[in-house]
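Numbering follows our numbering, with no gaps: position 165 of the sequence shown is 967.
Idealized CB from N, CA, C, for every residue including glycine.
Since we're looking at a predicted model, the values are computed, not measured.
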Amino acid sequence: MDSTIIAPKPSTDTLLSNILAALISIQEDQTKLRSQVEEYQRATSTEDTVEDKIAAASSATSTHLSQSQQYSDRIILTTYPGQMGIKPIPLHWGVTDPLTRGPVVVSRHPSSIKRRNAIGAYGGSYCVYRALSIAIGALPANHIPDYGLTAPPVSFPPQPSWTGKAIVSMDPWGHMVPQLWGKEIQEEKMDLRPSIAITKAHMTIPEIEGAVQAGRLKVDGNVVLNAQGELKVTKAAIEPVWYLPGVAERFGITEGVLRRALFEDTGGMYPELITRPDLKVFLPPIGGATVYIFGDPSTIPDTTVPLTSRVHDECNGSDVFGSDICTCRPYLIYGIEECVRQAQEGGNGVIVYFRKEGRALGEVTKYLVYNARKRQEGGDTADNYFLRTENVAGVKDARFQALMPDILSWLGIKKIDRFMSMSNMKYEAIADANIEVVERCPIPDELIPADSRVEIDAKIAAGYFTSGQVPTEKGLADVKGRGWDDIQH
Ligand SMILES: [Zn+2]
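What follows is the structure, given as C-alpha cells:
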C-alpha cells in the first residue's frame, strides 16, 4: 500500500470536537424536524385532521371508524435516543430469567411507544397487511388482542441453550409472552404480542397414505392414526426476532455494517437502525419458520431418545404444486416418512420448514433463472446450474444457514441421529452450533424426478453430501434438463 495516501491519525481533541459538531448538527436537525411536524399538524388541524382524512378515505371502502379508533393526531418520532419521555424497557438478551430479560416491545401503540426496546414490527412479513387493514378501516389501530385460551397445549420449557448466545434470531420466550407479562398487557394495556405459537393437529399427505398402503409405514393409532396415513403432529410457528449484536457476530461482521445494510436495502425503512444504537433488537419483515414434531416433544432434549430431522427451505412450486424441476417435495416427504418411522420406534421426528423461497432470493428470481437455464447455449446443464443464479441475483444462495440452528437449540436438540439433508451449509451450521449429527441421509435415487437431476448433481459437485459418486466436470455437462420444446403449454 502507498503510505503517502494514509491520512495522519487525528488527535483525541480533534475527535472530540468532531463528535461534538455531529451532536450539535443532530440536535439542530431534530429541532427543525420537530417544528416541521408541528407546522404540519397546525396546517392539517385548521382543515381536516389526519384522522378525518383517513376516516373519509376508509369510509369509501369499509365501515367508518371514529377518530378514537384511528391514530392519535400527534405523530411521535422515536428516531433519536434520549428524547423526552422515551424510556425503553431494559432488554437483557440471553439472560436466564425471562423477567430480568424483559419483554420485546416494538409496538407504537400509545401505551407502548415510550417503552419500545426494539425496531421493526410484530408479525414478520405480515406487519404490512396489518397496516393495510388499519389504513382501510378494517382494524382499529388501538385493537387489544384477547389471548385467553391461546396458550400452548404442550409445554416447551426453558432449555440451557436459551441462556447465552445460542439463540439470536428468535425470542425463546416468544410462546409465553401473555403468561410472563400478563400484568403489563392487562393492567398497563401494553401491546405485547407472542412471536411463537404452538398447537396440535392432524395431517394427511397422499405420499404418506401411499407409504401405509405399500406397507412401509404401519398404522399404530398413535403416530399414524389410520389406513389413510393420518398423522398426529405438534407444531410451532415462529416469527423472527433478531438480536443484532448476536446476528452480526454469527456472520463475522460488525453490528454497524449489519445495521447499515439492513437500513439501506430496505429502502431506508427503519431509520432507527442507524439512529438508535441503544435498541439492539430488530423484528425484520421477513417470513418465519414452522416446526412439525412427530413423537413426544418433551423427550426432544433427551440425547438417549433417537431423533430424525429435516431442515427444509420453502420451495412453493415443488412443495405444494408438484413442479418436477427440483427434489424439494420428494425430499421433504421422504424426511416426513423417516420422522414418522423414528417416532413409531419410540424416538422423535422434527421437520423445520423455513420461509426462504428460492434460496431466499424469491420466486421471481427463481423463474428468471429457470428461463435463463433453458435458453443458455447447450441447454439446461448441471455444470451451469449455479452460474445462471449468480448472473441474475448476483449471489447463488442467500439462505446463509448461520441463523438456522437457533430453532434446533430452542427445542433443546443436542444430537441429531439421522439428518435428512445433503446440504453442506446446513450441516456445517449445525456443527457450529455444537449439535452432533450422527448420520447424514441423502435422498434415495428412485425419489429424484428425472428433470431435477440437473439440480441435485450440481449441488453434489458443489459439496452436498452423497453416499454415491461425485460427478466430474464432464459428467455435469452431460446432465441435461428439459428444454422449452418439451414443455407444452
Ligand atoms: Zn425446489
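Is residue i a contact residue of ligand 1, with contact defined as CB to any heavy atom under 8 Å?
i: Ile-936; result: no
i: Ile-1127; result: yes
i: Gly-1119; result: yes
i: Cys-1141; result: no
i: Cys-1243; result: no
i: Cys-929; result: no
Name the two residues that bound the continuous alpha helix (DSSP H) containing residue i.
i: Leu-1134; result: 1130 to 1146
i: Thr-1036; result: Note, Thr-1036: premise wrong, no alpha helix (DSSP H); beta strand (DSSP E) at 1033 to 1040.
i: Ile-987; result: 984 to 988
i: Gly-976; result: Taken as a continuous stretch (DSSP letters only), Gly-976 belongs to no alpha helix (DSSP H), as it is neither H nor E.
i: Tyr-1072; result: Segment: none, Tyr-1072 is in no alpha helix (DSSP H) and carries neither H nor E.
i: Val-1171; result: 1165 to 1177
i: Asp-1277; result: The identity of residue 1277 in the sequence shown is Gly, whereas the question assumes Asp. Note, Gly-1277: alpha helix (DSSP H), 1275 to 1280.
i: Met-1227; result: 1226 to 1234
i: Val-1059; result: 1057 to 1066
i: Leu-901; result: 900 to 903
i: Ala-1162; result: 1159 to 1162
Please return the same chain residues whose Cβ sits closer than 6 Å to the Cβ of residue i, not counting the five positions on each side in sequence.
i: His-1114; result: Leu-1134 and Tyr-1155
i: Lys-1198; result: Phe-1188, Thr-1191 and Glu-1192
i: Ala-862; result: In this prediction, Ala-862 scores a pLDDT of 40, lower than 50, which makes its location untrustworthy; the coordinate-derived value is nonetheless stated afterwards. Counting only Cβ-Cβ distances below 6 Å, and skipping sequence neighbours, we find nothing.
i: Ser-913; result: Lys-991 and Met-992
i: Val-1152; result: Ile-1095 and Ser-1111
i: Tyr-873; result: Ala-943
i: Lys-1002; result: Pro-955 and Thr-1036
i: Ile-1010; result: Gly-1031
i: Leu-1205; result: Ser-971
i: Arg-1061; result: Leu-1075
Residue range of the beta strand (DSSP E) that residue i falls in?
i: Leu-1085; result: 1083 to 1085
i: Thr-1001; result: 998 to 1005
i: Arg-1220; result: 1217 to 1221
With DSSP as the reference, label residue i as helix, strand or coil.
i: Thr-1105; result: coil
i: Phe-1202; result: coil
i: Tyr-1045; result: strand
i: Arg-1018; result: coil
i: Gly-1265; result: coil
i: Phe-1096; result: strand
i: Asp-1185; result: helix
i: Val-1025; result: coil
i: Lys-916; result: helix
i: Arg-1241; result: At residue 1241 the sequence reads Glu, which differs from the Arg that was named. Correct three-state label for Glu-1241: strand.
i: Ala-1091; result: strand
i: Phe-1123; result: coil
i: Gly-1283; result: coil
i: Asp-1115; result: strand
i: Gly-939; result: coil
i: Val-1152; result: strand
i: Ile-1294; result: The chain is shown only over 803 to 1291; residue 1294 falls outside these bounds and no answer can be derived.
i: Gly-1180; result: coil
i: Ile-1010; result: helix
i: Gly-1214; result: coil
i: Gly-922; result: strand
i: Thr-1110; result: strand
With a threshold of 8 Å on Cβ separation, who are the neighbours of residue i within its own chain once the five nearest residues in sequence on each side are excluded?
i: Tyr-1229; result: Phe-1221, Ser-1223, Val-1239, Arg-1242 and Phe-1267
i: Ala-1162; result: Asp-1115, Asp-1199, Ala-1200, Arg-1201 and Phe-1202
i: Gly-1304; result: Residue 1304 lies beyond the residue range present for the chain, which begins at 803 and ends at 1291; the question has no answer from this structure.
i: Asp-804; result: Here Asp-804 scores only 42 on pLDDT, less than 50, and its place in the model should not be relied on; the value that follows carries that caveat. Excluding residues within five positions, none has a Cβ falling inside 8 Å.
i: Thr-1092; result: Lys-1037, Ala-1038, Ala-1039, Ile-1040, Val-1154 and Tyr-1155
i: Thr-1006; result: Gln-1030, Gly-1031, Glu-1032 and Leu-1033
i: Arg-1078; result: Thr-880, Thr-881, Tyr-882, Pro-883 and Ile-921
i: Thr-1105; result: Lys-1216 and Lys-1217
i: His-1004; result: Leu-1027, Glu-1032, Leu-1033, Lys-1034 and Val-1035
i: Ser-1269; result: Pro-1244
Can you name, in chain order, every residue of its own chain whose Cβ lies under 7 Å from the Cβ of residue i, other than the five neighbours on each side?
i: Ile-936; result: Ala-943
i: Gly-1119; result: Ser-1125
i: Ile-1258; result: Thr-1129 and Ile-1250
### Message
Contact between the region 985 to 992 and the region 1008 to 1020 is defined here as three or more beta-carbon pairs at a separation below 8 Å; is this criterion met?
### Response
no
#### Entry: Validate contact between the region 1135 to 1143 and the region 1166 to 1186 using beta carbons, cut 8 Å, 3 pairs
no
### Task
Determine, using beta-carbon pairs with one atom in the region 1017 to 1027 and one in the region 1061 to 1079, whether at least three such pairs fall under 8 Å.
no
### Query
Do the region 923 to 936 and the region 884 to 901 meet, that is, are 3 or more Cβ pairs less than 8 Å apart?
no
### Query
If you pair each beta-carbon of the region 996 to 1011 with each one of the region 970 to 985, do three or more pairs fall below 8 Å?
yes
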